[in-house]
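For the sequence shown, position 85 (counting from the first letter as 1) is numbered 85 according to my numbering, and the numbering increases by one without interruption.
Notes for the one structure printed next.
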Amino acid sequence: MTAPKKAKGAKSLSQAAFKLYQKDWKKDLTVSFTFLLVAAMILALGYLAAWSLFLTIPLILIPFLFAIQMSISSYKGGAPLSNRVFFHFFGLYFNPNEPFFGVYRVWLAFLKAFLTFWLLLFGIGLSFSGIGNATWPEFSEALKHFTSLVDSGSAQEVVDYLNGSMPLLLFQKVVMLSSLLPASYFFVHSVSVCTLNPYVRMSLAGAPARVANSIFAGGFRSVRHSLYKEYYKALYLGVILLVVGLGAGVTLGSLLTLAPEQIYILALAGAALTLAFYLPYFFNVIELLATRYEKSFADYSIHLAEQTLSQMKQEHTVSPEEAKKYEQELADAKKGKAPKDDDDDSDSSD
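See below:
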């Protein structure tokens with residue numbers, strides 16, 4: 001894939017990314033409107049059936065974002081923007097034989113967000129109920145009546161009371177949203193950091209996904225402090241837009257007295273609306289960051305290969321001839337040379 005042309009006269013990462021945004025603003029707007037359309041369809045379905053988000057986000061929205069990222073990288077490098085190219089990238093995300101399979105590490109991000117949600121749910125729930133019992137008589141009475149219904153009433157009576165008690169409805173909304181929103185932010189952050197991974201994968205052509213992910217994770221740890229500093233310096237506006245979008249959706253849903261899951265959908269809709277036109281700039285920053293830290297990830301890859309070779313030699317799982325060959329390839333890699341093809345010698349002798 002062709003790298004984007006470096007913006008001339010840019011003094012910082014954000015300036016360089018913005019110049020790239022200006023250069024192809026019509027294509028960027030097309031991408032943003034397309035994202036809004038897809039997000040609207042996913043969230044409309046989620047509003048009707050909240051459980052559908054567990055399918056549509058990982059199977060439609062995330063691959064769609066990957067296709068957007070690769071398309072932006074492609075047309076910033078001079079290639080045309082077309083539906084054929086876009087859906088080619090969309091398909092690559094699902095192909096286990098391609099280097100981009102599992103590139104965003106979505107299930108790991110989801111697992112971390114899921115654990116964050118439950119920890120917050122229990123922590124905030126216990127805190128709210130403890131404070132409410134001590135300072136809010138109406139809540140204390142409602143909770144006692146709810147407990148008695150659970151012990152002696154029917155399931156329908158429990159549900160009816162839960163949906164009709166204002167103190168308990170407020171409890172549900174506060175606890176649920178105070179747990180969901182931070183967990184969602186954590187999920188978005190985890191995936192956004194992994195948008196660096198496709199560029200690492202491209203430099204490791206042929207490496208298995210597990211090895212490539214190990215190199216990405218280890219390389220990221222080695223430069224985390226400096227990379228995060230540049231990341232947030234260039235993308236702080238995106239964090240603000242995300243928080244504003246989520247907050248606007250929660251505020252609107254609360255004013256409309258909607259159920260917690262419907263308020264959450266509106267919060268996601270608000271975030272999609274505020275971030276849609278920011279996405280091309282975001283992906284410009286990510287690719288520029290990947291280029292800036294390319295050597296750091298390459299150095300970690302070499303370091304990991306040296307450790308693996310050393311372990312293989314200690315365990316005698318590699319012959320002396322193979323070890324010597326691998327050592328030479330590592331030495332060439334450190335000098336920036338491409339590895340020699342095994343067939344070169346035979347071709348030259350023909």
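We put the CB at the ideal spot given by N, CA and C, even for glycine.
For clarity, every value in this text was computed on a predicted model and none was experimentally measured.
#1: So what's residue 105 in DSSP terms, helix, strand or just coil?
#2: Return the first residue and the last residue of the alpha helix (DSSP H) that residue 308 is part of.
#3: Give the list of continuous alpha helix (DSSP H) stretches no shorter than 4 residues that lie fully inside the region 70-100.
#4: Could you check the C-alpha separation between residue 75 and residue 208 for me, to the nearest Å?
#5: Between the region 140-157 and the region 81-99, do at least 3 Cβ pairs fall closer than 8 Å?
#6: Rounded to the nearest angstrom, what separates residue 271 and residue 228 at their Cα positions?
#7: I need the straight-line Cα distance from residue 262 to residue 291, nearest angstrom please.
#8: With a threshold of 7 Å between beta carbons, is residue 309 in contact with chain C?
#9: What three-state label does DSSP hand residue 153 in the structure shown?
#10: How about residue 212 and residue 224: are their beta carbons less than 7 Å apart?
#11: Using beta-carbon positions only, say whether residue 68 and residue 31 come within less than 7 Å of one another.
#12: Are there three or more Cβ pairs, one per stretch, closer than 8 Å when the region 187-199 is compared with the region 277-289?
#13: Would residue 56 be called buried (16 or more neighbouring beta carbons within 10 Å of its own) or exposed?
#14: Quick one: is residue 179 buried, meaning 16 or more other Cβ sit within 10 Å of its Cβ, or exposed?
#15: Check the C-beta distance from residue 113 over to residue 186 and give it rounded, since I have them as a contact under 8 Å.
#16: Please list, in chain order, all residues of the same chain as residue 254 whose beta carbon is under 7 Å from its beta carbon, the five residues on each side excluded.
#17: Name the two residues that bound the continuous alpha helix (DSSP H) containing residue 58.
#18: From the DSSP output, in three-state form, read off residue 208 for me.
#19: Could you tell me the boundaries of the alpha helix (DSSP H) in which residue 24 lies?
#20: Which ranges does the alpha helix (DSSP H) cover as unbroken runs of at least 4 residues, wholly within the region 120-194, from first to last along the chain?
#21: Roughly how many angstroms separate the alpha carbons of residue 168 and residue 157, rounded to a whole number?
#22: Where do the N-terminal and C-terminal ends of the alpha helix (DSSP H) with residue 199 fall, by residue?
#23: Tell whether a beta-carbon distance below 7 Å holds between residue 250 and residue 267.
#24: Could you check which residue in 159, 293, 325, 279 has the C-alpha nearest to that of residue 33?
#25: Whole angstroms is fine: what's the gap from residue 13's alpha carbon to residue 294's?
#26: Provide the residue span of the alpha helix (DSSP H) that contains residue 264, from first to last.
#27: According to DSSP, is residue 14 helix, strand or coil?
#28: Output the distance between the C-alpha atoms of residue 20 and residue 259, rounded to the nearest integer angstrom.
#29: Please say whether residue 49 and residue 117 have beta carbons closer to each other than 7 Å?
#30: Only counting the same chain, and skipping five residues up and downstream in sequence, which positions put a Cβ closer than 6 Å to that of residue 297?
#31: Compare the C-alpha of residue 125 against each of 217, 282, 172, 305 and name the closest.
#32: Alpha carbons only, please: which of 235, 324, 26 is nearest the one belonging to residue 81?
#33: CB-CB under 7 Å to residue 150, same chain, minus the five flanking residues each way: which ones, in chain order?
#34: CA-CA distance, residue 353 and residue 65?
Taking the structure as given:
#1: coil
#2: 294-314
#3: 83-92
#4: 27 Å
#5: no
#6: 22 Å
#7: 41 Å
#8: Here there is only one protein chain, and chain C is not present.
#9: coil
#10: no
#11: yes
#12: yes
#13: buried
#14: buried
#15: 5 Å
#16: 263
#17: No alpha helix (DSSP H) holds residue 58; DSSP gives it neither H nor E.
#18: coil
#19: Taken as a continuous stretch (DSSP letters only), residue 24 belongs to no alpha helix (DSSP H), as it is neither H nor E.
#20: 137-152, 155-164, 166-193
#21: 14 Å
#22: 197-202
#23: yes
#24: 279
#25: 15 Å
#26: 260-275
#27: helix
#28: 42 Å
#29: no
#30: 200, 219
#31: 172
#32: 26
#33: 158
#34: Shown here, the chain extends from 1 to 350; a query on residue 353 therefore has no answer.
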